[in-house]
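What follows is a set of notes on a single structure, which appears directly below.
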Amino acid sequence: MPKLGIVLAIGIVLTLINTSLCDKRLNRQKRFIEMADDVRGPYCETKPGGPCCPGRDDQCTVPILDSICYCDMFCNITASDCCPDFKRICIGGNPEPITRGCRVNGIEYRVGSVFKNNCNQCTCRRNPSNPNQAELRCTDEVCLVQPDMIQLVNNGNYGWKAANYSFFWGKTLNDGVKYRLGTMPPSDQVLNMNPIIMDSVDQPPESFDSRQKWPNYIHPVRDQGDCAASWAFSTAGKL
């Protein structure tokens, strides 16, 4: 009987301890479970005293919005009160998947998408400093068609209006110079040439319109396309 009494006493004590631990775990303050993608960090990464705490440490917290999140290893058991960057900083796990991508001109692109925005190539990727965020990276080319420039011109009183020529959309300024002009830097031999000066007896007219002088030989401006041959078109037009 004494042995049985001891066993019962030990059992009661263990039950009370377990109940106390359960109550303590349930009483632990938690942040809200649903964490939006646009809640910026970092959290554990910049926590004073070090980013992570071993075991359970109810003081190992970081403020987040109007609540707190945890950076102790205990939070990984419930997986409901860890800070957004806990896995990446404390256990080296993969970051949570991003559910929100990059929005450009009202269109949302998923992470990993590669697309063109006018003449620039853009990539929607995971932000290296905050893996729960997506960021947009684009090349920095000057485009032939610039909507802000068109708007600036049209808002002014210049006597003419700018327009968006669709066949120039998506082309860079370098593309325009290379393929639409076709002009090459002159050689040193050409640069060293001098003009021929001739005495002219006749006085030049005050005005001259080739459309009236040679109506059968004058035509509208031709589109050379992307063949870099403006010099050939201009030369042939004068022959």
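Going by mature numbering (1 follows the signal peptide of the UniProt record, and there is no 0), the letters in the sequence shown line up with residues -22 to -1, 1 to 217, in that order. All residues carry an ideal CB built from backbone N, CA and C; glycine is no exception.
Given a cut-off of 7 angstroms, decide if residue j and residue i are closer than it, judged by their beta-carbon atoms.
i	j	result
LEU122	LEU151	yes
GLY154	CYS97	no
GLU119	ASP63	no
CYS116	CYS102	no
ARG34	PHE52	yes
MET185	ILE196	A small fix is needed here, since residue 185 is Ser in this sequence, not Met. Cβ distance not < 7 angstroms, so SER185 and ILE196 don't count as in contact.
Can you tell me the Cβ-Cβ gap for residue i and residue j, rounded? I've got them flagged as a contact below 8 angstroms.
i	j	result
SER107	LEU159	With a Cβ gap of about 42 angstroms, SER107 and LEU159 do not count as contacting.
ILE69	ASN54	7 angstroms
CYS47	TYR21	6 angstroms
For residue i, count neighbouring Cβ atoms within 10 angstroms of its own Cβ and tell me buried if that reaches 16, exposed if not.
i	result
ARG66	buried
CYS205	exposed
ASN110	buried
LEU(-2)	In this prediction, LEU(-2) has a pLDDT of 42, which is less than 50 and means its spatial position is unreliable; what the coordinates show is noted afterwards. It is exposed - the Cβ of LEU(-2) has fewer than 16 other Cβ atoms within 10 Å.
ALA141	exposed
VAL199	exposed
VAL40	buried
GLY19	buried
PRO32	exposed
Would you say the beta carbon of residue i comes nearer than 6 angstroms to a heavy atom of the ligand HEM?
i	result
CYS68	This structure lacks the ligand HEM, and indeed carries no ligand of any kind.
Need the endpoints of the alpha helix (DSSP H) that residue i sits in, please.
i	result
ARG189	188 to 191
Could you tell me the boundaries of the beta strand (DSSP E) in which residue i lies?
i	result
GLN99	98 to 104
ARG200	Run containing ARG200: none; DSSP gives neither H nor E here.
ARG115	112 to 116
> Which parts of the region 43 to 91 are runs of the alpha helix (DSSP H), unbroken and 4 residues or longer, counting only runs that do not cross its ends?
Replying inline: The qualifying runs are 53 to 56.
>> Report the start-end ranges of each alpha helix (DSSP H) in the region 118 to 189 that is 4 residues or longer and not cut off at the edges.
In response: Fully enclosed alpha helix (DSSP H) runs of 4 or longer: 125 to 133 and 166 to 169.
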